[in-house]
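Asker: Chains as they are written, first to last, in our numbering: chain A, 4 to 358; chain B, 62 to 399.
Can you keep this structure in mind? I'll have questions shortly.
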Amino acid sequence: MRAKRRARDEWIHWARKKPTQALTSLVGLFLIVYLLLPVWHWAVTDANFLGSDRSACVGGGACWVFVRERFHQFLFGFYPADAYWRPLLTVAIGALSIGLLFVSRLGVLRLLIFVALPFIAWLILEGSLLGLPPVATDQWGGLLLTLIISVTGIAVSLPLGIFLALGRRSRLPLIRWLSVAFIELWRGVPLITVLFMASVMLPFFMPLGVEVDKLLRVLIGVTLFTSAYMAEVVRGGLQSIAKGQYEAAAALNLTSFQTMRLVILPQALRKVIPGIVNTFIGLFKDTSLVLIVGMFDLLGMVQTASTDPEWLGYSLEGYIFAGAMFWIFCFAMSRYSLRLERQLAYSSVERKQLT
Amino acid sequence: MKSFWLGMCGLLSFSSLSVARADTLGEVKKRGFLKCGVSQGLAGFSAPDKGGLWQGIDVDLCRAVAAAVLGDATKVKYSPLSAKERLTALQSGEIDVLSRNTTWTFQRDTQLGVDFAGVIYYDGQGFMVPKKLGVKAAKELGGASVCVQLGTTTELNLADFFRSQNLTYKLVTFEKNDEVVAAYDAGRCDVISADRSGLFADRSAKLKKPDDHVILPEIISKEPLGPVVRHGDNRWGDIVRWSLYALLEAEELKVDSKNIEANKKSNNPAIRRLLGVEGELGKNLGLNTNWAASIIQQVGNYQQIFDRNLGKDSPLKIERGQNALWNAGGLHYPMPFR
Numbered sequence: 004m005r006a007k008r009r010a011r012d013e014w015i016h017w018a019r020k021k022p023t024q025a026l027t028s029l030v031g032l033f034l035i036v037y038l039l040l041p042v043w044h045w046a047v048t049d050a051n052f053l054g055s056d057r058s059a060c061v062g063g064g065a066c067w068v069f070v071r072e073r074f075h076q077f078l079f080g081f082y083p084a085d086a087y088w089r090p091l092l093t094v095a096i097g098a099l100s101i102g103l104l105f106v107s108r109l110g111v112l113r114l115l116i117f118v119a120l121p122f123i124a125w126l127i128l129e130g131s132l133l134g135l136p137p138v139a140t141d142q143w144g145g146l147l148l149t150l151i152i153s154v155t156g157i158a159v160s161l162p163l164g165i166f167l168a169l170g171r172r173s174r175l176p177l178i179r180w181l182s183v184a185f186i187e188l189w190r191g192v193p194l195i196t197v198l199f200m201a202s203v204m205l206p207f208f209m210p211l212g213v214e215v216d217k218l219l220r221v222l223i224g225v226t227l228f229t230s231a232y233m234a235e236v237v238r239g240g241l242q243s244i245a246k247g248q249y250e251a252a253a254a255l256n257l258t259s260f261q262t263m264r265l266v267i268l269p270q271a272l273r274k275v276i277p278g279i280v281n282t283f284i285g286l287f288k289d290t291s292l293v294l295i296v297g298m299f300d301l302l303g304m305v306q307t308a309s310t311d312p313e314w315l316g317y318s319l320e321g322y323i324f325a326g327a328m329f330w331i332f333c334f335a336m337s338r339y340s341l342r343l344e345r346q347l348a349y350s351s352v353e354r355k356q357l358t
Numbered sequence: 062m063k064s065f066w067l068g069m070c071g072l073l074s075f076s077s078l079s080v081a082r083a084d085t086l087g088e089v090k091k092r093g094f095l096k097c098g099v100s101q102g103l104a105g106f107s108a109p110d111k112g113g114l115w116q117g118i119d120v121d122l123c124r125a126v127a128a129a130v131l132g133d134a135t136k137v138k139y140s141p142l143s144a145k146e147r148l149t150a151l152q153s154g155e156i157d158v159l160s161r162n163t164t165w166t167f168q169r170d171t172q173l174g175v176d177f178a179g180v181i182y183y184d185g186q187g188f189m190v191p192k193k194l195g196v197k198a199a200k201e202l203g204g205a206s207v208c209v210q211l212g213t214t215t216e217l218n219l220a221d222f223f224r225s226q227n228l229t230y231k232l233v234t235f236e237k238n239d240e241v242v243a244a245y246d247a248g249r250c251d252v253i254s255a256d257r258s259g260l261f262a263d264r265s266a267k268l269k270k271p272d273d274h275v276i277l278p279e280i281i282s283k284e285p286l287g288p289v290v291r292h293g294d295n296r297w298g299d300i301v302r303w304s305l306y307a308l309l310e311a312e313e314l315k316v317d318s319k320n321i322e323a324n325k326k327s328n329n330p331a332i333r334r335l336l337g338v339e340g341e342l343g344k345n346l347g348l349n350t351n352w353a354a355s356i357i358q359q360v361g362n363y364q365q366i367f368d369r370n371l372g373k374d375s376p377l378k379i380e381r382g383q384n385a386l387w388n389a390g391g392l393h394y395p396m397p398f399r
């Protein structure tokens with residue numbers, strides 16, 4: 004009670020001292036409430052939550068019935084309903100391995116688990132190698148597909164990007180030129196072109212009867228594309244390491260592999276965590292582009308579901324849902340990166356600068 | 062250099078479609094299912110329902126072809142395609158038939174290595190106005206502000222129409238169709254112009270008071286939508302074309318999925334030929350004699366397809382209009398089955 008009163012006193016004190024600031028704050032507050040009130044009415048008080056078809060949506064409010072009715076499609080796409088336990092199991096394994104990222108005792112091992120994740124996911128979801136009824140990849144969709152593409156892209160592009168960045172700074176001309184050519188080629192084309200090439204043009208060049216799975220083609224395209232960006236981010240980190248570090252490592256008689264692994268990379272990667280996570284978040288959002296090649300990620304699924312004559316006119320609700328999901332995942336990623344930076348910070352002063 | 066690579070691509074695509082893919086019918090029979098390209102979601106034409114099954118008039122054409130060729134309308138694998146990749150997917154052999162609200166134009170028919178097998182839906186650009194405006198014909202729209210979607214042929218057709226009528230108008234453009242409809246509903250323009258199928262859908266599903274709006278009778282552009290096959294495989298083109306005609310012929314003969322059994326005993330020779338009770342129509346296509354009967358039994362006739370996807374039994378409530386049969390004032394005219 005006393006604390007509350009003291010806080011109120013502080014407010015009054017501040018308002019007396021700076022009346023213009025207090026006034027603008029009040030006006031601002033009023034404007035926010037005034038503008039957000041209709042949104043609140045639309046989304047909550049006037050909205051419809053119950054029912055099973057469009058007749059349930061009366062009045063001017065939002066029709067969340069649409070999102071509820073198609074929730075399973077938004078999450079799993081056209082994956083057969085009696086096999087939903089498989090994507091759920093996959094996500095659980097994924098969550099577990101992400102949880103393992105927080106266990107610092109495991110060291111490099113946790114990264115290996117992360118790299119293995121796409122293959123485990125494929126085994127469970129496709130199923131034929133485990134003796135489960137096979138589910139073709141064109142039935143995977145919704146949030147599941149978004150996660151598959153982004154997690155695979157993230158897990159594979161980071162190691163690949165590090166190799167490319169090292170290759171670009173290599174003293175061997177052949178390796179250097181190859182790395183430069185690879186990076187500049189993939190950075191020079193838009194992702195849409197890559198996807199289009201992978202899905203539409205590649206079949207022209209393949210012999211008749213040979214069909215590489217479309218999802219696999221897209222995954223390879225996305226991964227190579229992202230690794231080119233990743234390489235440049237990592238190179239930025241490598242370049243910021245002073246020459247003295249190399250010399251110190253040489254003085255300790257470390258081999259060049261040891262120098263990289265023990266001295267240079269730990270420092271370089273630590274410096275570019277924001278850049279790496281930036282690339283990941285960009286990739287996560289770019290996955291929506293797969294709609295261009297006929298795959299339905301979360302956003303694509305929402306768009307497609309809202310063209311069902313049964314639900315015409317309720318696309319806004321779907322878009323809001325998709326936006327919220329994207330935000331949750333991207334926000335979680337950026338929080339994790341902050342945590343990682345804090346964990347790896349040298350001093351408490353540096354730690355304090357991170358919010 | 063650029064032209065060299067383009068040439069290589071063209072050569073590759075050309076050789077693959079003229080030599081290797083000449084026998085689509087055999088491939089489909091061997092594979093056991095039809096690969097059909099549809100849209101990524103267009104109300105009434107192709108859209109997935111709650112259970113993830115594709116529904117719509119374009120989807121029903123795929124099912125009809127599967128019923129004719131394989132005897133089972135469910136043996137279809139749908140490939141949802143974007144507008145950009147639809148024709149390339151057909152050329153590369155990723156799909157056997159493209160049934161994706163594609164307008165039949167000179168350019169596409171002659172330059173892109175594809176053939177149109179017919180018209181399943183006659184669309185065209187039209188106008189919708191609020192009833193209270195009292196407009197009865199498009200000629201009375203002089204000086205009106207018109208809401209349209211940005212960067213489509215809609216905009217060009219509109220300019221042509223108003224110029225030919227010596228009328229002035231004010232353009233209000235939006236990026237997305239949903240925005241166009243919302244702006245019109247909020248009274249930011251007097252008229253909305255788009256393809257008529259879309260206008261009907263917008264009116265019944267997106268406007269607050271559908272009954273307060275009227276779609277004018279004028280049609281200012283031609284948008285014949287139909288199934289597409291690869292150029293060069295004429296046998297396969299025949300099959301798709303006559304599967305479509307079978308739907309229309311069945312409506313003309315008033316044979317539908319419910320009365321087909323009774324009609325097999327009919328004395329009408331046209332019905333007997335269509336259903337394969339007499340004659341060898343199916344054999345000439347390389348199919349079974351009951352090919353058309355399978356279509357009608359499993360998919361229905363054109364009227365049934367239209368009503369459940371676009372017409373009175375759907376939320377869209379599109380009128381038959383140009384899509385009625387030729388003997389009912391429309392444009393659909395199945396060629397004679399004999």
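Think of the CB as a built atom: it goes at the ideal place given N, C-alpha and C, for glycine as much as any other residue.
Say whether chain A places a C-beta atom closer than 8 Å to the C-beta of residue 110 of chain B.
Answerer: Yes, because at least one Cβ of chain A sits closer than 8 Å to the Cβ of residue 110 of chain B.
Asker: Distance cutoff 8 Å, beta carbons only. Does residue 254 of chain B sit that close to anything in chain A?
Answerer: No, residue 254 of chain B does not count as interfacial toward chain A.
Asker: Kindly indicate which residue of A:142, A:99, A:321, A:69 has the alpha-carbon position closest to the one of residue 217 of chain A.
Answerer: Residue A:142 is the option with its Cα nearest to residue 217 of chain A.
Asker: For residue 271 of chain B, which of B:279, B:278, B:262, B:381 has the nearest alpha-carbon?
Answerer: Ranking the options by Cα distance to residue 271 of chain B, first place goes to B:262.
Asker: To be precise: take each residue of the stretch 301–322 of chain A, compare its Cβ to all Cβ atoms of chain B, and keep it if any distance is under 8 Å. Which residues remain?
Answerer: Under the 8 Å Cβ criterion, the stretch 301–322 of chain A contributes 303, 306, 307, 308, 309, 310, 311, 312, 313, 315, 316, 318, 319.
Asker: Less than 8 Å separating the beta-carbons of residue 260 of chain B and residue 276 of chain B?
Answerer: It is a contact, given that the beta carbons lie within the stated cut-off.
Asker: Taking only the alpha-carbon atoms, compute the straight-line gap between residue 114 of chain A and residue 134 of chain A and give it to the nearest angstrom.
Answerer: Looking at the two C-alpha atoms, the distance is approximately 28 Å.
Asker: For the alpha helix (DSSP H) that residue 152 of chain B lies in, which residues bound it at each end?
Answerer: Start and end: 147–152.
Asker: Is the CB-CB distance between residue 312 of chain B and residue 377 of chain B below 8 Å?
Answerer: Taking 8 Å as the Cβ cut-off, residue 312 of chain B and residue 377 of chain B do not qualify as a contacting pair.
Asker: Compare the C-beta of residue 200 of chain B with all C-beta atoms of chain A and state if any pair is closer than 8 Å.
Answerer: It does not; no Cβ of chain A falls within 8 Å.
Asker: If you reduce the DSSP assignment to three classes, tell me which class residue 284 of chain B lands in.
Answerer: Residue 284 of chain B: strand per DSSP, three-state reduction.
Asker: Could you compute how far the alpha carbon of residue 367 of chain B sits from the alpha carbon of residue 100 of chain B?
Answerer: Approximately 17 Å between the Cα atoms of the pair.
Asker: Pop quiz: residue 128 of chain A and residue 138 of chain A are said to be a contact at Cβ under 8 Å. What is the actual Cβ separation, rounded to whole angstroms?
Answerer: Indeed they touch by this definition, with Cβ atoms about 7 Å apart.
Asker: Taking residue 97 of chain A as the reference, give the member of A:150, A:173, A:240, A:264 with the closest Cα.
Answerer: When each option's Cα is compared against that of residue 97 of chain A, the closest is A:150.
Asker: For residue 273 of chain A, tell me which candidate among A:285, A:67, A:243, A:14 has the shortest Cα-Cα distance.
Answerer: For the residues A:285, A:67, A:243, A:14, the minimum Cα distance to residue 273 of chain A belongs to A:243.
Asker: Given that a residue counts as buried once 16 or more other Cβ atoms are within 10 Å of its Cβ, and exposed if not, what is residue 72 of chain A?
Answerer: Per the 10 Å Cβ criterion, buried.
Asker: Under 7 Å Cβ-Cβ, which residues of chain A neighbour residue 149 of chain B?
Answerer: Under the 7 Å cutoff, chain A gives 203.
Asker: Whether or not the stretch 274–283 of chain A and the stretch 45–56 of chain A are in contact is what I'm after, with contact meaning three or more pairs of Cβ atoms, one per stretch, closer than 8 Å; do they touch?
Answerer: The answer is no - the stretch 274–283 of chain A does not touch the stretch 45–56 of chain A, with fewer than three Cβ pairs under 8 Å.
Asker: Specify, as a first and last residue, the run of the beta strand (DSSP E) that residue 232 of chain B falls within.
Answerer: From DSSP, the beta strand (DSSP E) with residue 232 of chain B extends over 230–235.
Asker: Between residue 288 of chain B and residue 131 of chain B, which are expected to be in contact by the criterion C-beta below 8 Å, what is the C-beta distance as a whole number of angstroms?
Answerer: Actually they do not touch by this definition, with Cβ atoms about 17 Å apart.
Asker: At what residues does the beta strand (DSSP E) containing residue 139 of chain B begin and finish?
Answerer: Counting along the chain, the beta strand (DSSP E) containing residue 139 of chain B begins and ends at 137–141.
Asker: Quick one: list the residues of chain B neighbouring residue 248 of chain A, beta-carbon separation under 9 Å, in chain order.
Answerer: Within 9 Å Cβ-Cβ: nothing; residue 248 of chain A doesn't reach chain B, min ~45 Å.
Asker: Using beta-carbon positions only, say whether residue 305 of chain B and residue 156 of chain B come within less than 8 Å of one another.
Answerer: In this structure, residue 156 of chain B does not lie closer than 8 Å to residue 305 of chain B by Cβ.
Asker: Determine the direct distance from the alpha carbon of residue 197 of chain A to that of residue 205 of chain B, and round the result to whole angstroms.
Answerer: Whole-angstrom Cα-Cα distance: 44 Å.
Asker: Hey, residue 321 of chain B and residue 358 of chain B: beta-carbon distance below 8 Å or not?
Answerer: Cβ distance < 8 Å, so residue 321 of chain B and residue 358 of chain B count as in contact.
Asker: Residues in the same chain with beta-carbon distance under 8 Å from residue 273 of chain B, minus the five sequence neighbours each way, listed in chain order, please.
Answerer: Hits under 8 Å: 191, 192, 193.
Asker: At the level of alpha carbons, what is the spacing between residue 284 of chain A and residue 331 of chain A?
Answerer: Spanning the two alpha carbons is a distance of roughly 11 Å.
Asker: To which residues of the same chain is residue 146 of chain A closer than 6 Å at the C-beta, ignoring the five residues directly before and after it?
Answerer: Hits under 6 Å: 78, 301.
Asker: Restricting to Cα atoms, I'd like to know which of A:200, A:210, A:235, A:241 is closest to residue 222 of chain A.
Answerer: Selected option, being the one with the closest Cα: A:200.
Asker: Can you tell me the Cβ-Cβ gap for residue 177 of chain A and residue 292 of chain A, rounded? I've got them flagged as a contact below 8 Å.
Answerer: The Cβ separation is near 34 Å, so there is no contact.
Asker: Could you pull the DSSP bridge partners for residue 34 of chain B from this structure?
Answerer: For chain B, the structure presents residues 62 to 399; residue 34 of chain B sits outside this window and is missing.
Asker: Within the 8 Å Cβ cut-off, does residue 296 of chain A reach chain B?
Answerer: By this cut-off, residue 296 of chain A is an interface position.
Asker: Under the three-state reduction of DSSP, which class applies to residue 101 of chain B: helix, strand or coil?
Answerer: Of the three classes helix, strand and coil, the one that applies to residue 101 of chain B here is coil, per DSSP.
Asker: Kindly say whether residue 52 of chain B, judged by its beta-carbon, lies nearer than 8 Å to any beta-carbon of chain A.
Answerer: Since the first and last residues shown for chain B are 62 and 399, residue 52 of chain B lies out of range.
Asker: Give the residues of chain A in contact with residue 401 of chain B, contact being defined as C-beta atoms less than 8 Å apart.
Answerer: Outside the modelled stretch of chain B, which goes from 62 to 399, sits residue 401 of chain B, for which no answer is possible.
Asker: Within a Cβ cutoff of 8 Å, which residues of the same chain sit near residue 132 of chain A, ignoring the five residues on either side of it in sequence?
Answerer: These residues qualify, in order along the chain: 126.
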